[in-house]
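Numbering (this note's numbering), first residue to last: 230 to 392. Worksheet: one structure, shown below.
Next comes the structure, spelled out in structure tokens:
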């Protein structure tokens, strides 16, 4: 099995929108269709499964069913490209991390915990705009530029790591 650990903000949208469109980002309307199409291309080319490791994962129940309108919109956009969210990483956050939204402090441990549960993972990548403070993760990470989000170059790099 091939796995893509997917972040949302700074990947499927960009900081280009952040200052003037904060409300639209928080309600999920500014997921960029072009970025979703790029992700769809990657998944079609690699047959990878998508595991959400974004703070957005808190907007889904244990069966990855949306709990909020933003999550419903995200799933709808992904489904248009044939993308299914197959799961989410475990939650290693503390109340302090949730309040400060410093999810990058625990994302690496959450991803590695998920990977350690399965022995049939051939290859995996992490797509995120943040440094996740872990050498093992760094070897697998496609680091997006938060100011532009996912690019064709990111997809080419991801394909090299997954194929």
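From the three backbone atoms N, C-alpha and C, an ideal C-beta is built for every residue, glycine too. Quick caveat, the model's predicted, so the values are computed rather than measured.
Residues near residue i by beta carbon distance below 6 Å, same chain, minus five either side
{"i": "residue 252", "result": "With a pLDDT of only 48 at residue 252, under 50, the local geometry of the prediction cannot be trusted, and the value read off the model is given with reservation. If we look at residue 252 and ignore the five residues flanking it on each side, it has no Cβ neighbours."}
{"i": "residue 256", "result": "Residue confidence is low: residue 256 scores 49 on pLDDT, short of 50, so the model does not pin down where it sits. Its coordinate-derived value is still stated next. Within the same chain, residue 256 has close Cβ partners 299."}
{"i": "residue 285", "result": "237"}
{"i": "residue 383", "result": "371, 373"}
{"i": "residue 234", "result": "280, 282, 340, 355"}
{"i": "residue 271", "result": "384, 387"}
Continuous beta strand (DSSP E) stretch holding residue i: start and end
{"i": "residue 269", "result": "Residue 269 -> not in any beta strand (DSSP E); alpha helix (DSSP H) instead, spanning 262 to 275."}
{"i": "residue 359", "result": "It is not in any beta strand (DSSP E) - residue 359 carries neither H nor E in the DSSP assignment."}
{"i": "residue 377", "result": "Looking at the DSSP string, residue 377 is not in any beta strand (DSSP E), and its letter there is neither H nor E."}
{"i": "residue 350", "result": "Neither: residue 350 is in no beta strand (DSSP E) and is coded neither H nor E."}
{"i": "residue 237", "result": "No beta strand (DSSP E) contains residue 237, which DSSP labels as neither H nor E."}
Rounded straight-line distance, which links the Cα of residue j to that of residue i
{"i": "residue 351", "j": "residue 230", "result": "5 Å"}
{"i": "residue 378", "j": "residue 323", "result": "27 Å"}
{"i": "residue 327", "j": "residue 263", "result": "29 Å"}
{"i": "residue 304", "j": "residue 364", "result": "31 Å"}
{"i": "residue 353", "j": "residue 360", "result": "17 Å"}
{"i": "residue 308", "j": "residue 329", "result": "31 Å"}
{"i": "residue 368", "j": "residue 358", "result": "15 Å"}
{"i": "residue 390", "j": "residue 380", "result": "16 Å"}
{"i": "residue 376", "j": "residue 346", "result": "34 Å"}
{"i": "residue 277", "j": "residue 344", "result": "14 Å"}
{"i": "residue 392", "j": "residue 232", "result": "11 Å"}
{"i": "residue 261", "j": "residue 287", "result": "20 Å"}
{"i": "residue 306", "j": "residue 259", "result": "11 Å"}
{"i": "residue 240", "j": "residue 325", "result": "24 Å"}
Own chain residues within Cβ distance below 8 Å of residue i, not counting five before or after
{"i": "residue 293", "result": "281, 314, 315, 316, 317"}
{"i": "residue 362", "result": "333, 334, 337"}
{"i": "residue 289", "result": "281, 295, 296, 300, 314, 317"}
{"i": "residue 349", "result": "230"}
Beta-carbon proximity list for residue i, same chain, < 7 Å, skipping 5 on both sides
{"i": "residue 386", "result": "371"}
{"i": "residue 274", "result": "388"}
{"i": "residue 266", "result": "310"}
{"i": "residue 269", "result": "310, 311, 312"}
Continuous alpha helix (DSSP H) stretch holding residue i: start and end
{"i": "residue 335", "result": "333 to 345"}
{"i": "residue 368", "result": "364 to 369"}
Is there contact between the region 334 to 341 and the region 292 to 305, where contact requires at least three CB pairs shorter than 8 Å? The region 334 to 341, when compared against the region 292 to 305, does not touch it at the 8 Å Cβ threshold.
Any chance you could list the alpha helix (DSSP H) runs of at least 4 consecutive residues sitting entirely within the region 280 to 325, in chain order? Correct list: 298 to 309.
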